[in-house]
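Participant: The sequence shown lines up with residues -37 to -1, 1 to 430 when you count with mature numbering (1 follows the signal peptide of the UniProt record, and there is no 0).
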Amino acid sequence: MNPVPTAPRRRRSRWLGALSATALVGASLLGAPAASAATSGTLVGAGSGRCLDVTGASQAAGTAVELWDCHGGVNQNWATTPAGELRVYNGTMCLAAHDNQTTAGTKAEIATCTGGQNQKWRLNADTTITGLQSGLCLDVSGSATANGAAVALWTCNGQSNQKWTFGGGNSGPDCNVATVDPNATAQARRLLCYLYSQYGNHIVSGQQETNGSENEFNFLYNNTGKAPAIRGLDMCDRPGAVDRAAAWWNAGGIPMIGWHVGAPATSRCNYGGTASINNTLTPGTREYASYTAELDEAASQLLRLQSQNVAVLWRPYHEAGGTWFWWSKEGGAQYQRLWKFQFNYFVNVKGIHNLVWLWPSNGEPNSSFYPGKSYVDVGGADTYVNDRGPLTSLFNSTRGVVGTTIPIALHENGAIPDPARLQSTSTRWVLFMTWNGTWITGQDPGYLRTTFTSPYVVTRDEVPNLR
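1. In chain order, which alpha helix (DSSP H) runs of at least 4 residues are fully inside the segment 131 to 189?
2. Does Ala228 come out as helix, strand or coil in the three-state DSSP assignment?
3. Among Ser356, Leu183, Thr416, Asn110, which one has its Cα closest to the Cα of Gly19?
4. Taking the CB atoms as reference points, tell me whether Glu179 and Thr404 lie closer together than 8 Å.
5. May I have a chain-ordered list of the beta strand (DSSP E) segments no shorter than 3 residues that lie completely inside the segment 206 to 287?
6. Taking 8 Å as the cut-off, decide whether the C-beta atoms of Ala372 and Leu354 are in contact.
7. Would you check if the distance between the CB atom of Tyr338 and the CB atom of Val143 is smaller than 8 Å?
8. Closest by CA to Arg314, which one among Ser270, Val426, Ser123, Cys57?
9. Rounding to the nearest angstrom, what Cα-Cα distance links Asn311 and Ala378 in this structure?
10. Leaving out five residues before and five after Pro380 in sequence, what residues of the same chain have Cβ atoms less than 8 Å from its Cβ?
11. CA-CA distance, Leu30 and Asp16?
12. Candidates Arg362, His316, Asn325: which alpha carbon is nearest Lys336's?
13. If I measure Cβ to Cβ from Val140 and keep anything under 7 Å in the same chain, skipping five residues before and after, which residues do I get?
14. What do you get for Pro334, buried or exposed, if any count of 16 or more other CB atoms within 10 angstroms of its CB means buried?
15. Can you find at least 3 beta carbon pairs, one from the segment 93 to 107 and one from the segment 75 to 82, that sit closer than 8 Å?
16. If I'm right that Trp212 touches Val273 with Cβ under 8 Å, what's the distance once you round it to whole angstroms?
17. Run through the DSSP bridge pairs and tell me what Phe395 is partnered with.
18. Hey, Ala296 and Ser324: beta-carbon distance below 8 Å or not?
19. Which residues bound the alpha helix (DSSP H) around Thr69?
20. Assuming Gly175 contacts Ile193 under a Cβ cut-off of 8 Å, what Cβ separation, rounded to an integer in Å, is found between them?
21. Nearest CA to the CA of Leu101: which residue from Thr248, Tyr308, Thr414, Trp117?
22. Just reading off the beta strand (DSSP E) that Val51 is part of, what are its end residues?
23. Using alpha carbons as the reference points, say which of Ala42, Ala71, Glu48, Thr55 lies closest to Thr26.
24. Quick one: what's Thr128 bridged to in DSSP?
25. Using the Cβ count rule (16 or more neighbours within 10 Å means buried), how would you classify Gly105?
26. Let's see if you can read the secondary structure: which residues bound the alpha helix (DSSP H) around Trp402?
27. Would you mind stating whether Ser3 and Trp41 have Cβ atoms separated by less than 8 Å?
28. Rounded to whole angstroms, what is the Cα-Cα separation between Thr148 and Leu266?
29. Which runs of the alpha helix (DSSP H) fall wholly inside the segment 291 to 350 and span at least 4 residues, in chain order?
30. Tell me the DSSP secondary structure of Pro(-33) in three-state form.
31. Give me the Cα-Cα distance between Val205 and Pro191, rounded to the nearest whole angstrom.
32. Are the CB atoms of Cys232 and Gly225 within a distance shorter than 8 Å?
33. Rounded to a whole number of angstroms, what is the C-alpha to C-alpha distance between Leu330 and Gly366?
34. DSSP puts Met198 in a beta bridge; with which residues?
35. Spatial neighbours of Val348 within its chain, please: C-beta separation below 6 Å, excluding the five flanking residues on both sides.
36. Is Lys189 near Thr422, with beta carbons less than 8 Å apart?
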């Protein structure tokens, strides 16, 4: 078997576009050997603060470029090449002057890359961009600054509507999304920003492991040539899961850690047991002593990851509302108490700040179990079906609970939703996490290849550097 690669392959960045642009490109030709400045990411107009955008995210040759709010989509991610091109859509299309025209006002558009002179550009020291064939500059028509402003070639004049800087790239600065932990690490903030940037633009792929086995990941890699972006792990399997989480992060992926935590004063992972949450949260009880001891052990492992600058998607007390787990058996109000206790204990007592908090509902989201936006970074739900449907009704019901302002995850799933159906129905799951065993190895390899190579699905080689 071919093992899953331990380091990320060449990245096709899908990153949240920088709202500020600080990287300037030298006066040499694009991609010239001496170039040393950043040459990939969003191209931000100095006069507008908006990004060079392929209109409507179309990939059709002849589509015009324009200004639009920076959102991190692939239609705003530009990269230079040694040939002097500006490529978009993961290098499949080039910025071009329409029909080889060289007169002022010529439309700037995308085209199939041919190596033609109308696709060659020079980035100048003053941050203007000159078309080599025409000698004209990439210009926002009429010095407009609004979304949809046209971009064309015009006589170079050095004004701000002709100046562009790269921002974003593979890592990019933090965005202005607030984490629920006000002291979250830079890595946790970048992870949450990245999820926001993908929400509605792509779906991030994930796979749950089987207690440290590589079977699921090797199966995916052997059948698709790809590794999932997210590796699902469980805190019950410690310290092994923590070690694998760090390795996955350092290989360019995202660790998601759940926890089949045992009912207090029972076995460590007897998650099907029963416990009084009142006793669990009352100091001096046997349950409280057991529960906080278990929290302390988990905290020590999470702090290990924090010391290694690893961020974690943290999803405790999953399938909220399902009465098969002790943490949901006493209803939503008690569940919320438990969630908030853990949040405050980890964040304020233990100083754990590397977590992005994912609230994981079951397949029937219930608002009484939702701790609220002050305690949740990402919402979610799960279900196990085999029809590859987009699960639109489940997405909508989850959104009805958590609202429209945070990303919503399919935090466990059986069959992977069809990317085409997700897009056609505007079902905006930010990620999927296929369960282990035959839930993945029993899926059609051809369908997996189609899914994991879809432009809509983010794999590990496409995750930017969040470290």
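Backbone N, C-alpha and C fix where the C-beta goes; we use that ideal spot for every residue, glycine too.
Facilitator: Looking at the atomic coordinates:
1. Listed in chain order, the complete alpha helix (DSSP H) runs (minimum 4 residues) inside the segment 131 to 189 are 149 to 161, 178 to 187.
2. coil
3. Asn110
4. yes
5. You should have 217 to 221, 275 to 278.
6. no
7. yes
8. Sequence check: residue 314 is Gly here, not Arg. Of the listed residues, the one whose Cα sits closest to Gly314 is Ser270.
9. 39 Å
10. Ile166, Arg351, Gly352, Pro353, Leu354, Leu373, Thr390, Trp392, Phe395
11. 6 Å
12. Arg362
13. Here the set comprises Leu155, Cys156, Tyr159.
14. buried
15. These segments touch.
16. 5 Å
17. By DSSP's assignment, Phe395 forms a beta bridge with Leu373.
18. no
19. Neither: Thr69 is in no alpha helix (DSSP H) and is coded neither H nor E.
20. Between Ile193 and Gly175 the Cβ distance is about 16 Å, and since that is not below 8 Å, they are no contact.
21. Trp117
22. 49 to 51
23. Ala71
24. Val7
25. exposed
26. 401 to 404
27. yes
28. 12 Å
29. 295 to 307
30. With a pLDDT of 48 at Pro(-33), under the threshold of 50, the modelled position of this residue cannot be trusted, and the question is left open.
31. 18 Å
32. Contact: yes.
33. The question names Leu, yet the displayed sequence has Ser at residue 330. Answer to the nearest angstrom: the Cα atoms are 10 Å apart.
34. Paired residues: none, contrary to the question.
35. Cβ within range, chain order: Gly377.
36. yes
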